[in-house]
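*Asks:* These protein sequences, in sequence, are chains A and B. All residue numbers for the first sequence refer to our numbering, where the first residue is 3 and numbers rise by one. All residue numbers for the second sequence refer to our numbering, where the first residue is 399 and numbers rise by one. By construction, the Cβ of each residue, glycine as well, lies at the ideal position given by its N, Cα and C atoms. Structure provided below as structure tokens; questions to follow.
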Amino acid sequence: MGEVKVVGAIPSPYCYRIEWALKHKGITYEYVEEDLRNKSPLLLEYNPVYKKVPVLLHGGNPVTESLVILEYIDETWKEKPILPEDPYERAMARFWAKFADEKCLFSIITAFLSQGKEQEQAIESSLEALKTLDAELEGKKFFGGETIGLVDIVAGWIPHWLPAYEEVAGIKLFDAHRFPSLDEWAKNFNEVLVIKENLPPRDKMMTVYHGMRKNMVSSAASK
Amino acid sequence: MAESVVLLGFWASPYALRVPIALAEKGVEFEYKEQDLSSKSTLLLQSNPIHKKVPVLIHNERPICESLIIVQYIDEVWTDGSSLMPKDPYQRANARFWADYIDKKVIGTSARIWKSKGEAKETAKKEFIECLKLLEGELGDKPYFGGDTFGFVDVAFSAYCCWFYSLEIEGNFKMEEECPKLMEWVKRCMERESVSKALPDQHKIYDYLGHLKKRLGLE
């Protein structure tokens, strides 16, 4: 079948989700850290279109875009599936994974990397998105049911990354009272062994994110 | 139980148009309900409360939203005849990647051509042509993105063909000159009944774009 490599960059949440999926399925892989400020020729070869991480290499063949990689992993290694079998349930899982990324994470990253009016609007979108996810969870332990699935993995940035974004940007988005189901889910999610044992160190996150926000603020000031 | 397949769509949407193409490829009969996007129906708002957008496929009373998710659903439910997705996981990942690329980069970039003026328009046009060349490279010598058979990426992109004429006029360029092989693929797609029956006339799209621009204050 071929050896498995993950090309990533700490603390990218898009990269961690790949490692979670592989570890959840018990797949052995080699991790290669990429310096995003100085992209390697290999990264540019493996992902010529976007030049981004994560990249999954399987027998030397690259797969890129985290949601595409997650489906590839699920179709290649059948143990402990992260997508349901039923086509309708699969469509629902894909829908919510897309929502968690394109509406929720996107709004939050925008809020974290902006100021003024743009930030206000992003905060509003973020709160709406979190509320929607909270409603979708109601009654369930995980988005995937009793065990973690695709949506949990894709929304998995919420418990560990969201507080970091909030702190760096000086904004408050998450509220256990406002999003009780999400709060409960976050506690359960962080207790899952493959997640618990695979989280980026907080200090590294703070360094990287402070740097990103500082760059944004200074480039906005020089416009 | 009699099967019910209802599609909520909009005649000019390159996303919505993917669904009748996919359903036709699978020989699935459906009821089409054209939506007025300026005055959204209760059915649309109930079926897609999160995004309030088309397309929505309602299969046996259950709504599925997001065009590429709908197309994959169609492929997974109606399995008689040929698949839209390849069998091999690596090829499937490749198909998903390129369909996603069309969504993430191609359609948005092309819209900037008609939404902007002057230098911004020129930049958008150049970027769009780069996207097309990349797609042309991916197509290579294959008749379809799916290889010998019309597949997932072909569905995703052929729905946009009716917009190319408008983009050419707006951007003042000819796709035939910039990416001739892709244009051959367009002709091949238009020869398929699933595509030719689903797509509106390109001149109607151009008229629609005129009205849209006026409405958005872009004239």
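(1) Locate the beta strand (DSSP E) running through B/I456, then write down its first and last residues.
(2) Can you tell which of B/V551, B/W476, B/F428 and B/D501 has its C-alpha closest to the C-alpha of B/V454?
(3) Which residues in chain B have a C-beta closer than 8 Å to the C-beta of A/V34? List them in chain order.
(4) Run through chain A and tell me which residues come within less than 8 Å of B/R490, C-beta to C-beta.
(5) Which parts of the region 503-539 of chain B are runs of the alpha helix (DSSP H), unbroken and 4 residues or longer, counting only runs that do not cross its ends?
(6) In the DSSP assignment, find the unbroken alpha helix (DSSP H) run with B/K572 in it and report its ends.
(7) Comparing the C-beta of B/P630 with each C-beta of chain A, is any distance below 7 Å?
(8) Are the beta-carbon atoms of A/P56 and A/Y90 separated by less than 7 Å?
(9) Name the chain A residues whose beta carbon is nearer than 8 Å to that of B/Y413?
(10) What does B/Y430 pair with, by DSSP beta-bridge criteria?
(11) Since B/D434 meets chain A, which of its residues come closer than 9 Å, beta carbon to beta carbon?
(12) Indicate the three-state DSSP secondary structure (helix, strand or coil) for B/H449 in the structure shown.
(13) Whose C-beta lies closer than 7 Å to the C-beta of B/V404 among residues of the same chain, with five residues either side of it excluded?
(14) Sort out for me which residues DSSP pairs A/K144 with in a bridge.
(15) Output, in chain order, the set of chain B residues within a Cβ distance shorter than 8 Å of A/R96.
(16) Mind listing the chain A neighbours of B/I419? Cutoff is C-beta to C-beta under 8 Å, in chain order.
(17) Measure the alpha-carbon distance for A/L164 versus B/L415 and round it to whole angstroms.
(18) Near A/G4, what residues of its chain come up, given a Cβ to Cβ distance below 8 Å and the 5 sequence neighbours on each side ignored?
(19) What distance in whole Å lies between the Cβ atoms of A/K25 and A/V210, which are believed to be in contact at a cut-off of 8 Å?
(20) Would you call the region 493-501 of chain B and the region 532-546 of chain B touching, i.e. three or more CB-CB distances under 8 Å?
(21) If we count the other Cβ atoms within 10 Å of its Cβ and call it buried at 16 or more, is A/V219 buried or exposed?
(22) At least one CB of chain A closer than 7 Å to the CB of B/F495: is that the case?
(23) In the DSSP output, what is B/C463 paired with across the bridge?
(24) Going along chain A in order, which residues have a C-beta closer than 7 Å to the C-beta of B/P487?
(25) Is it true that the region 167-185 of chain A meets the region 43-51 of chain A, where meeting means three or more beta-carbon pairs spaced less than 8 Å apart?
(26) With distances taken Cα to Cα, identify the nearest neighbour of A/A188 among A/S221, A/L175, A/R204 and A/D154.
(27) What residue range does the alpha helix (DSSP H) around B/Y606 cover?
(28) Excluding five sequence neighbours on each side, which residues of the same chain lie with their C-beta closer than 6 Å to the C-beta of B/S508?
(29) Let me know if B/H449 comes out buried or exposed under the rule of 16 or more other beta-carbons within 10 Å of its beta-carbon.
(30) May I ask you to verify whether the region 549-563 of chain B touches the region 596-604 of chain B, counting CB pairs closer than 8 Å and requiring at least 3?
(31) Taking 7 Å as the cut-off, decide whether the C-beta atoms of A/P202 and A/I12 are in contact.
(32) Just to make sure I have the definition right: I need the residues of chain A whose C-beta is within less than 8 Å of the C-beta of B/L532. Which are they?
(33) May I ask which residues mark the beginning and end of the beta strand (DSSP E) holding A/T66?
(34) Output, in sequence order along the chain, the residues in the region 185-196 of chain A whose CB is closer than 8 Å to any CB in chain C.
(35) Can you name the residues of chain A whose CB is closer than 7 Å to the CB of B/V475?
(36) Drop a sphere of 10 angstroms on the beta-carbon of A/K53, count the other beta-carbons inside from all chains shown, and report buried for 16 or more, exposed for fewer.
*Replies:* The short version:
(1) Here the beta strand (DSSP E) through B/I456 covers V454 to H457.
(2) For the options B/V551, B/W476, B/F428 and B/D501, the alpha carbon positioned closest to that of B/V454 is the one of B/F428.
(3) For A/V34, there are no C-beta contacts with chain B under 8 Å, since the nearest C-beta of that chain is about 19 Å from it.
(4) What B/R490 touches in chain A: E73, Y74 and E77.
(5) Those alpha helix (DSSP H) runs which fall completely within the region 503-539 of chain B and span 4+ residues are 505-513 and 516-537.
(6) B/K572: not part of any alpha helix (DSSP H); DSSP gives it neither H nor E.
(7) In the structure displayed, chain B extends from 399 to 617; residue 630 of chain B sits before or after that span and is not available.
(8) Contact flag unset, no.
(9) The contacting residues do not exist; B/Y413 stays about 13 Å from chain A at best.
(10) DSSP, once it has assigned bridges, lists B/L405 as partnering B/Y430.
(11) Residues of chain A passing the Cβ test: none, with the nearest at roughly 24 Å.
(12) DSSP, read as helix, strand or coil, puts B/H449 in coil.
(13) Counting only Cβ-Cβ distances below 7 Å, and skipping sequence neighbours, we find F428, E429, K431 and I456.
(14) A small correction: the amino acid at residue 144 of chain A is Phe; Lys does not occupy that position in the sequence shown. For A/F144, which the question treats as bridged, DSSP gives the partners A/G147.
(15) Neighbours of A/R96 on chain B, chain order: E464, I467 and Q470.
(16) In chain order: nothing, as chain A lies at least about 18 Å away.
(17) Each residue's alpha carbon lies about 37 Å from the other.
(18) Cβ-Cβ distances below 8 Å link A/G4 to H60, G61, G62 and N63 in the same chain, with the five nearest sequence neighbours on each side left out; the list follows chain order.
(19) That belief does not hold up - the Cβ atoms of A/V210 and A/K25 are roughly 23 Å apart, past 8 Å.
(20) The region 493-501 of chain B makes contact with the region 532-546 of chain B: 3 or more CB pairs, one atom from each, lie closer than 8 Å.
(21) The residue in question, A/V219, is exposed, as its Cβ has fewer than 16 Cβ neighbours within 10 Å.
(22) B/F495 counts as touching chain A.
(23) When beta bridges are read from the DSSP output, B/C463 appears opposite B/V454.
(24) B/P487 reaches chain A at Y74, E77 and T78, counting residues in chain order whose Cβ is nearer than 7 Å.
(25) Taking a cut-off of 8 Å on C-beta distances, the region 167-185 of chain A does not touch the region 43-51 of chain A, as fewer than three cross pairs fall below it.
(26) Checked all of A/S221, A/L175, A/R204 and A/D154; the closest Cα to A/A188 is A/D154.
(27) First-last of the alpha helix (DSSP H) with B/Y606: Q600 to R613.
(28) If you ignore the 5 residues before and after B/S508, its C-beta comes within less than 6 Å of the C-beta of F526 and L565, all in its own chain and listed in chain order.
(29) That one is exposed.
(30) Flag = yes, the region 549-563 of chain B and the region 596-604 of chain B touch.
(31) A/P202 places its beta carbon less than 7 Å from that of A/I12.
(32) Per Cβ cutoff of 8 Å: V51.
(33) A/T66 -> beta strand (DSSP E) spans N63 to T66.
(34) No chain C is present in this structure, whose protein chains are A and B.
(35) Result: P89.
(36) Exposed.
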